[in-house]
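Novice: Taken in sequence, the protein lines are chains A and B. With numbering that gives the first Met the number 0, the residue at position 101 of the first sequence is 100, and numbering never jumps. With numbering that gives the first Met the number 0, the residue at position 189 of the second sequence is 188, and numbering never jumps.
There are 2 protein chains.
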Amino acid sequence: MVTLEDVARHAGVSLATASRVLNGSTRQVGASLRAKVELSASELGYRTNVAAQTLARGASNVIGLVVHDLIDPYFAAIADGAMRVAEGQGLMVMIGTTHRDPSREIAYVSTLNAQRVRAVLLVGSRVADPEPTRRLREELDRYRETGGRVACVGQDLLGTDTVVPDNRAGAAALARALAGLGHRNFAVLAGPDWLLSPRDRVTGFVGALRELGLPEPLVLYGSFDREGGYAAATQVTGVTCVFAVTDVMAVGALASFRDRGIRVPEDVSVAGFDDIFTLRDLVPALSTVRLPLPDMGVRAVELAMDTTGDGRAEVVAGEVILRESTRGLD
Amino acid sequence: MVTLEDVARHAGVSLATASRVLNGSTRQVGASLRAKVELSASELGYRTNVAAQTLARGASNVIGLVVHDLIDPYFAAIADGAMRVAEGQGLMVMIGTTHRDPSREIAYVSTLNAQRVRAVLLVGSRVADPEPTRRLREELDRYRETGGRVACVGQDLLGTDTVVPDNRAGAAALARALAGLGHRNFAVLAGPDWLLSPRDRVTGFVGALRELGLPEPLVLYGSFDREGGYAAATQVTGVTCVFAVTDVMAVGALASFRDRGIRVPEDVSVAGFDDIFTLRDLVPALSTVRLPLPDMGVRAVELAMDTTGDGRAEVVAGEVILRESTRGLD
DNA sequence: GCAGACTTGGAAAACGTTTTCCTGGAGGTC
DNA sequence: GACCTCCAGGAAAACGTTTTCCAAGTCTGC
Chain A
0 MVTLEDVARH AGVSLATASR VLNGSTRQVG ASLRAKVELS ASELGYRTNV AAQTLARGAS
60 NVIGLVVHDL IDPYFAAIAD GAMRVAEGQG LMVMIGTTHR DPSREIAYVS TLNAQRVRAV
120 LLVGSRVADP EPTRRLREEL DRYRETGGRV ACVGQDLLGT DTVVPDNRAG AAALARALAG
180 LGHRNFAVLA GPDWLLSPRD RVTGFVGALR ELGLPEPLVL YGSFDREGGY AAATQVTGVT
240 CVFAVTDVMA VGALASFRDR GIRVPEDVSV AGFDDIFTLR DLVPALSTVR LPLPDMGVRA
300 VELAMDTTGD GRAEVVAGEV ILRESTRGLD
Chain B
0 MVTLEDVARH AGVSLATASR VLNGSTRQVG ASLRAKVELS ASELGYRTNV AAQTLARGAS
60 NVIGLVVHDL IDPYFAAIAD GAMRVAEGQG LMVMIGTTHR DPSREIAYVS TLNAQRVRAV
120 LLVGSRVADP EPTRRLREEL DRYRETGGRV ACVGQDLLGT DTVVPDNRAG AAALARALAG
180 LGHRNFAVLA GPDWLLSPRD RVTGFVGALR ELGLPEPLVL YGSFDREGGY AAATQVTGVT
240 CVFAVTDVMA VGALASFRDR GIRVPEDVSV AGFDDIFTLR DLVPALSTVR LPLPDMGVRA
300 VELAMDTTGD GRAEVVAGEV ILRESTRGLD
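Shown next, in the form of structure tokens:
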């Protein structure tokens, strides 16, 4: 293992000079010494020991990213956006997946704190239970006290910079659009009640229907994935339109209807939420509420790295997009 | 920032004892001192400084994962498998995405070497050009000389432990299965020629057709994604069956045919490769060659962490799965 | 030529751990 | 009771950088 000292000795200069040449200091180094050091470094195959560098500098070049599930294209899209900016700024990204377990989220923050990462990004819905949220916040505060930066994508519950998708307003707008097509009887395929994002979407959707004076929709709970959508959809009956709180759940619903011989959109309309890129070739094309997922990831990194503020909340609106999976009743 | 020394002083013990209590040593510490240290640590909110720990220990608890593209479900699936094992072994995962640029791959290996990660996983097709492969190998060798472990998923070209999907045999088996359905005139939607995986799949497919004495297929090149599949498919004419070297490209082909009013499978059969989980609700359901993606990620981590061997190649076979997108000609 | 202001290079003190020795005492054996 | 072995605890030397001082030039302006 070749160290900076080896390089310095080989080049006949001091440790300080070698350090200044190789690891970007503000100080100038004379051209001839600089050349000697660079030559030695490449001859010996020197690689900076980042652990030592981090220790000496007191700051690392890593950011931590905590998501629920990498296979879920929702998180993959946000992570992709985040990673692109990070790369642009010379940062490495350390990823943890919680599989929706709040205690794993807390454990990851603790681990990332130990790693002294520059910033941690918490992506994904908060939970309804205040207890894990309180403990998470405690852990985050400990991290932030020592200069750590935090940004979230989700609900603004942690006192950090947050990118907040406007789930409620998006779902409400979708409800109005669907009502505009003439639908009056709805079913909502809701995610688990203890997750805030699906809950907000349900609230927004139901609230809008109420304001329009339409009948209460049938609300069916299921897990927050394709299977949950499938299972919930099997219980749907007597409605003309189904809102799944997630595109991924909507895919399950579509499959369920297909298996039952129910045609979409002829027999029932289906809409989702998120506008997942990978699903844009679905037949019929899914009506949904578009969220600018990669941008949200980008924004989160930018907020985290911008030390001029804190606790900012940036609301991002969803855009209703009606495609083939919903049709008008006339 | 509270250090181990603070904890030791607060507990009235030496640094050594505090270290032994808090960071898992083999040495015993008396119960009363142990309790004091643990109490102090939690009262002060101590968090290990991993950089210092890594420096002192000379080994980190991080593994590096380099993939082409996180949004591509192929890589997401492998990464997911890898992350699950890593978590189980208390390892953090650092991810880099190359977007298929070989030089970025090399740069990442260098960076991960600097981080002194325990192991590097290189996931994704190698390229045909030997030059970047040579430089990558050089960089890997430098890393391995100092004790770094490497595992790849893809072609066995780097002298490392490798999980090798049998692209050629899988594609050949698919060709035979499709010929068995009565197809004689094929088109192949090939990925870029400079990537080895798509190339192997084309070779295997074409070779099998030749062995069967069938006419040469029409080979159309396109980019390695949905758009590439779409574009290539627009040029398809006069065949009864299309093989896209990737499920993702097959999705593009399906969309293209739909836009042109060509029915699948009535007018033309379509098959892909990979069996991407997220795409299993496609209509029509895609015939494909299944690769056990998450398992491949798991295996790669296991190989990397198993220091009893090196340079091992583990071939994983693909399984032909015929679904609705292909039909027999009778 | 000379005082002052920059510049360039080096010595050495951090940074926060782990781990190797030491030391002293407790327990066992004859 | 003397000897040996074992074990818990501590002092201090790593680990590989960065960075703060210092010293010694080299300019600039007069």
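For glycine and all other residues, C-beta sits at the position ideal for the given N, C-alpha and C.
Mind checking S13(A): buried by the 16 CB within 10 Å criterion, or exposed?
Specialist: Answer is exposed; the Cβ neighbour count stays below 16.
Novice: Using a Cβ cut-off of 9 Å, pull out every chain B residue sitting near S109(A), in sequence order please.
Specialist: Chain B residues near S109(A): R46.
Novice: Rounded to a whole number of angstroms, what is the C-alpha to C-alpha distance between Q234(A) and M304(A)?
Specialist: Going from the Cα of Q234(A) to the Cα of M304(A) covers about 47 Å.
Novice: When you compare each of A168(A), D199(A), F185(A) and R257(A) to G212(A) by their alpha carbons, which one comes out closest?
Specialist: Of the candidates A168(A), D199(A), F185(A) and R257(A), the one whose C-alpha sits nearest the C-alpha of G212(A) is F185(A).
Novice: Per DSSP, what are the beta-bridge partners of A312(B) in this structure?
Specialist: Answer by DSSP bridge pairing, in chain order: T161(B).
Novice: Using CA coordinates, which residue listed in A168(A), G179(A), E210(A) and A207(A) is at the minimum distance from S196(A)?
Specialist: Here the closest residue by C-alpha is A168(A).
Novice: Alpha carbon to alpha carbon, how far is I320(A) from L188(A)? Give it in angstroms, no decimals.
Specialist: In a straight line, the C-alpha of L188(A) is about 19 Å away from that of I320(A).
Novice: Could you name the residues that DSSP lists as bridge partners for Y220(B)?
Specialist: Its beta-bridge partners are A189(B).
Novice: Is the region 57-66 of chain A close to the region 29-44 of chain A, with three or more CB pairs under 8 Å?
Specialist: No, the region 57-66 of chain A is not in contact with the region 29-44 of chain A.
Novice: Is DSSP giving F204(A) helix, strand or coil here?
Specialist: In the structure shown, F204(A) sits in a helix (DSSP, three-state: H, G or I).
Novice: Write down the C-beta distance between R115(B) and T53(B) rounded to the nearest angstrom, noting that I regard them as a contact closer than 8 Å.
Specialist: Confirmed, about 6 Å.
Novice: Count the other CB atoms, across all protein chains shown, that sit within 10 Å of the CB of M248(B); report buried if there are 16 or more and exposed otherwise.
Specialist: Buried, because 16 or more other Cβ atoms sit within 10 Å of the Cβ of M248(B).
Novice: Quick test of your reading: T96(B) and H67(B), contact by CB under 8 Å. State the CB separation rounded to the nearest angstrom.
Specialist: Their Cβ separation, rounded to whole angstroms, is 7 Å, which keeps T96(B) and H67(B) in contact under 8 Å.
Novice: Could you spell out where the alpha helix (DSSP H) holding A127(B) opens and where it closes?
Specialist: Unbroken run through A127(B): none, as it is neither H nor E.
Novice: Put E318(A) into one of helix, strand or coil per three-state DSSP.
Specialist: In this structure, E318(A) counts as strand in the three-state DSSP scheme.
Novice: Name the chain B residues whose beta carbon is nearer than 7 Å to that of M0(A)?
Specialist: Those are T145, listed as they occur along chain B.
Novice: What is the DSSP secondary structure of A118(B), counted as helix, strand or coil?
Specialist: It is a strand residue.
Novice: Would D331(B) and L281(A) qualify as a contact pair, given that the criterion is a beta-carbon distance under 9 Å?
Specialist: Summary: the structure shown does not reach residue 331(B), with chain B confined to residues 0 through 329, and so no result is reported for it.
Novice: Determine whether the Cβ of G95(B) lies closer than 9 Å to any Cβ atom of chain A.
Specialist: Interface residue, yes.
Novice: Mind checking who R289(B) pairs with in its DSSP beta bridge?
Specialist: The partner list for R289(B) (beta bridge, DSSP) reads D273(B) and E318(B).
Novice: Using a Cβ-Cβ cut-off of 6 Å (strictly less than) and excluding sequence neighbours within five positions of G308(B), which residues of its own chain qualify?
Specialist: Within the same chain, G308(B) has no close Cβ partners at all.
Novice: Would you call the CB atoms of V241(B) and A254(B) closer than 9 Å?
Specialist: Cβ atoms of V241(B) and A254(B): not closer than 9 Å.
Novice: For the candidate residues F276(A), V288(A), A316(A) and T306(A), whose alpha-carbon lies nearest to that of I70(B)?
Specialist: Here the closest residue by C-alpha is F276(A).
Novice: Looking only at its own chain, which residues have a Cβ that is under 6 Å from the Cβ of Y229(B), when we skip the five neighbours before and after it?
Specialist: Here the set comprises G251, A254 and S255.
Novice: In chain A, which residues lie less than 7 Å from T277(B) when you measure between Cβ atoms?
Specialist: Near T277(B) (Cβ distances below 7 Å), the residues of chain A are P72 and T277.
Novice: Identify the residues that DSSP records as bridge partners of S39(B): which are they?
Specialist: Partner(s): none; S39(B) has no beta bridge.
Novice: For chain A, is any of its Cβ atoms less than 9 Å away from the one on R53(B)?
Specialist: Checking the sequence, you will find Thr at residue 53(B) rather than Arg. Answer yes: the Cβ-Cβ gap between T53(B) and chain A drops below 9 Å somewhere.
Novice: Which partner residues of T96(A) appear in the DSSP bridge assignment?
Specialist: Answer is V66(A), bridged to T96(A).
Novice: I need the boundaries of the beta strand (DSSP E) containing A150(B), first residue and last residue.
Specialist: R148 to V152 is the extent of the beta strand (DSSP E) around A150(B).
Novice: Measuring only between beta-carbons, confirm whether S59(B) sits less than 9 Å from chain A.
Specialist: Yes, S59(B) counts as interfacial toward chain A.
Novice: Can you have a look at P291(A) and say buried or exposed, based on whether 16 or more other CB atoms are within 10 angstroms of its CB?
Specialist: Counting Cβ neighbours within 10 Å, P291(A) comes out buried, since at least 16 surround it.
Novice: Please list the partners that L253(A) has in chain B, where partner means a Cβ-to-Cβ separation under 8 Å.
Specialist: Per Cβ cutoff of 8 Å: D280.
Novice: Check whether chain B comes within 9 Å of E210(A), counting only Cβ atoms and requiring the distance to be less than that.
Specialist: It does not: the Cβ of E210(A) has no partner Cβ on chain B nearer than 9 Å.
Novice: Roughly how many angstroms separate the alpha carbons of A106(B) and P72(B), rounded to a whole number?
Specialist: If you take the alpha carbons of A106(B) and P72(B), they lie about 24 Å apart.
Novice: Quick check: the Cα distance between M295(A) and M91(A), rounded to an integer number of angstroms?
Specialist: Using only the alpha carbons, I get a separation of about 19 Å.
Novice: Say whether the region 141-158 of chain A touches the region 174-184 of chain A, bearing in mind that this needs 3 or more beta-carbon pairs closer than 8 Å, one atom from each stretch.
Specialist: The region 141-158 of chain A vs the region 174-184 of chain A: no contact.
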